[in-house]
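So the sequence lines, in the order shown, correspond to chains W and C. As numbered in my numbering, residues 883 to 1235 make up the first sequence, in order. As numbered in my numbering, residues 883 to 1235 make up the second sequence, in order. C-beta atoms are modelled at their ideal positions from N, C-alpha and C, and glycine is treated no differently. The model shown is predicted, which means the values in this text are computed figures rather than measured ones.
There are 2 protein chains.
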Amino acid sequence: MNRIINLKESMYKRRTNAFLILNLRNIYYLTGFSGSSGWLVVSNRGDFFFTDFRYKEQSLREVNRDVEIVICKGDCIKFIAEFLNNIGIKKLSIEDCVSYKTYNRLSKSFALRPVNDIVEQIRTIKDNEELVNIRQAVTRAEDAFREIKGWIKEGITEASLARRLDDAIRTTGSKNPAFDTIVASGINAALPHATPSQKQMQSGDLVVIDWGAESNGYFSDMTRAFLINGSNIEKKIEIYNIVLSANIAAISSISINALIKTIDKTARDIIKHAGYGEYFGHGTGHGVGLDIHEKPTVSQYSKHIKVTHGMVFTVEPGIYLPNVGGVRIEDMVLIRGDSIETLTSLNKELEIK
Amino acid sequence: MNRIINLKESMYKRRTNAFLILNLRNIYYLTGFSGSSGWLVVSNRGDFFFTDFRYKEQSLREVNRDVEIVICKGDCIKFIAEFLNNIGIKKLSIEDCVSYKTYNRLSKSFALRPVNDIVEQIRTIKDNEELVNIRQAVTRAEDAFREIKGWIKEGITEASLARRLDDAIRTTGSKNPAFDTIVASGINAALPHATPSQKQMQSGDLVVIDWGAESNGYFSDMTRAFLINGSNIEKKIEIYNIVLSANIAAISSISINALIKTIDKTARDIIKHAGYGEYFGHGTGHGVGLDIHEKPTVSQYSKHIKVTHGMVFTVEPGIYLPNVGGVRIEDMVLIRGDSIETLTSLNKELEIK
């Protein structure tokens, strides 16, 4: 499989002969195994997938054939250490997300070298099979949203709208919503991570809805904001349109091989110049794939990262005014050579309900 | 709050003056914070909850008042290290589930001492507030099951039954199912961790359903098995009744202060003497609370652990015959002084559908 070959190239550059992968998303990416207990070793002595007896059948069905499946007997960590020592592996690179506890146990059998984000780095560039699933996850999220959009109106509670959206997401074939769906209205919309409450949508409320769907483990992530008609809504319309400008300008500013932080700067400058800089407290976006938040980070702190063919990330500027409300508009974009494709297709012009 | 006082007693016994807790379930248990980013320090210099700006409002609402809330500026790990150094903390115990990466960073500011399962140990003894939620989670799971029980019949797919059960669980008020609901029929029932498939239930199939619900973060976990009427079902009836005997005998064998491994032995001996010992490949049970699987482990390897007032755990013997099917019957029990209460109330005598 190409993905393991890519990993071996990364390992070669780092002079690593044996690498233990523990992150289950990385293991799924590299082998296809979707269960909840497994360890992968990629090495010049062979590639091995270790799991326990519960996942024997599933690993036979899922794990790609170039990788040898080994069923652990007894304590898995101990078993793996002995197995690898027996085939002559004494030096082992290991993902630094490993727990101290496991690190400490393995350090008795190997010269360990903790390494950072090797597979995550490869995962920033999506291949065609991944893009099929990401597009499917976007379609599912959008289809579900269209189903429930008519319910955005005065009187409905945040929790009830969220429940309808979650049900619609599952009906599209998505195993579950991609994350805890956010429906935040009125002053709750000023909290970027609000939990849907029993609050009813009221006249004049801004409503922020942030949701996503899934396809074969791949996620989508999008946000739309709406305004419930009412009095004194001028300021809310103003911040909506500033955020919309920031979103559109940031997407327009994306160009292949440019520094990714310039996307953040474009969005941030627009919001800053409009006088709301201090109310945009988060980064402009993040990669999306097998994790909802993955590399690349689209922020002012993304120092040397360049926009690269195959990347998929969000563009999601926002303004959050305490005790007033908030707006965030989040699209997913895909970099395809010179062209920048916006995967999200839902309307983002202000709709007053 | 009593829970932090209990923790301080544990810390005192281990001569620990400052303890950094990273496990979010442990943080929820100790403080009430339910968000996804936070760190808790319990120390003789004060108790501090650290989070980032996104969770400011939520932490003010949720975190108990004896703990001081601190909003990190910039990189949280760096901020916390400086904060603690500034108030004179130089030695720090830390949960050994910490990632190597974080451990390594903090080791530059502290003499670190990784510790194992301190809070998890306290969590094995449930207090009254926890029991209210666990009982609620059991009631929700049972109510949901009664709603869909009529659908267990020839022709329905595993996935469709699982979807109905999941929907019913959400309708009870449970935020989500406690875990990925298992519906496994026919030869799939021989896999303890099967994923619901498009397979239809057929005449003569054993059907294993393993599900749970939630209440304020606390879970329930239960399994029932059914038989679809058909020919050649004698062996299936036989293994059902062996597992049922093992379940009943294991629950009857529970007594306060006895070694917990005797419960496993009771169940295992019955299955072994019936000739199916090799087809019962997992432990007899596990604690349930804020985690679906938590301490105590009910297995032959649970060396010195005693049945203690306040424990909640499952009793779930099973037999899995490759290419035939399987049975698991799982109840939750609560230890209340001398009395053993079975929380699960659903019928467990064989029902042939």
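C-beta contact flag for residue i and residue j at 8 angstroms
i, j, result
"F1108(W)", "I1034(W)", "yes"
"L904(C)", "E950(C)", "no"
"I1211(C)", "V1125(C)", "yes"
"A1060(W)", "E1096(W)", "yes"
"G1171(W)", "I1016(W)", "yes"
"I959(C)", "R936(C)", "no"
"I1130(W)", "V1189(W)", "no"
"M1214(W)", "D1092(W)", "no"
"V997(W)", "S981(W)", "no"
"A1026(C)", "I1004(C)", "no"
"G1086(C)", "N1114(C)", "yes"
"T1006(W)", "M1193(W)", "yes"
"S1146(C)", "G1165(C)", "The amino acid at residue 1146(C) is misidentified as Ser; the sequence shows Asp. In contact: D1146(C) and G1165(C) (Cβ atoms closer than 8 angstroms)."
"M1153(C)", "V1180(C)", "First, the amino acid is wrong: residue 1153(C) is Ile here, not Met. Their beta carbons are not under 8 angstroms apart, which means I1153(C) does not touch V1180(C) by this criterion."
"G1037(C)", "K1118(C)", "no"
"Y911(C)", "V1001(C)", "yes"
"S918(W)", "A900(W)", "no"
"I962(W)", "F932(W)", "yes"
Coil, strand or helix - residue i by DSSP
i, result
"Q1182(W)", "coil"
"I1007(C)", "coil"
"G1207(C)", "strand"
"S892(W)", "helix"
"K935(C)", "Note that residue 935(C) corresponds to Phe in the displayed sequence, not to Lys. Reduced to three states, the DSSP call for F935(C) is helix."
"I1187(C)", "coil"
"I1153(C)", "helix"
"T1039(C)", "strand"
"Q1018(C)", "helix"
"Y1100(C)", "strand"
"S1127(W)", "helix"
"T913(W)", "helix"
"R1106(W)", "strand"
"F965(C)", "helix"
"L1216(C)", "strand"
"Y1144(C)", "In the sequence as displayed, the identity of residue 1144(C) is Thr instead of Tyr. Helix, per DSSP."
"L904(W)", "coil"
"Y1158(C)", "coil"
"D929(W)", "strand"
"E1223(C)", "strand"
"R995(W)", "strand"
"F1195(W)", "strand"
"D1025(W)", "helix"
Cβ of residue i within 8 angstroms of any chain C Cβ
i, result
"H1075(W)", "yes"
"P996(W)", "yes"
"E1002(W)", "no"
"D978(W)", "yes"
Residue-chain proximity (residue i, chain B), Cβ-Cβ < 8 angstroms
i, result
"F935(C)", "No chain B appears in this structure, whose protein chains are W and C."
is_contact[residue i, chain W] using C-beta, thresh 8 angstroms
i, result
"G1163(C)", "yes"
"I1173(C)", "Checking the displayed sequence, the identity of residue 1173(C) turns out to be Asp instead of Ile. So no, D1173(C) is outside the interface."
"C954(C)", "no"
"Y985(C)", "yes"
"V1197(C)", "no"
"E939(C)", "yes"
"S981(C)", "yes"
Residue i classed as buried or exposed, judged by whether at least 16 other C-beta atoms fall within 10 angstroms
i, result
"F915(C)", "buried"
"H1155(W)", "exposed"
"G1055(W)", "exposed"
"K938(W)", "exposed"
"F1162(C)", "buried"
"N908(C)", "buried"
"Y1183(W)", "exposed"
"L942(W)", "exposed"
"P1074(W)", "buried"
"Y1100(W)", "buried"
"E1233(W)", "exposed"
"H1168(C)", "buried"
"I887(W)", "exposed"
"R1106(W)", "buried"
"T1063(C)", "buried"
"K1309(C)", "Nothing in the structure corresponds to residue 1309(C), since chain C is present only between 883 and 1235."
"S1134(W)", "exposed"
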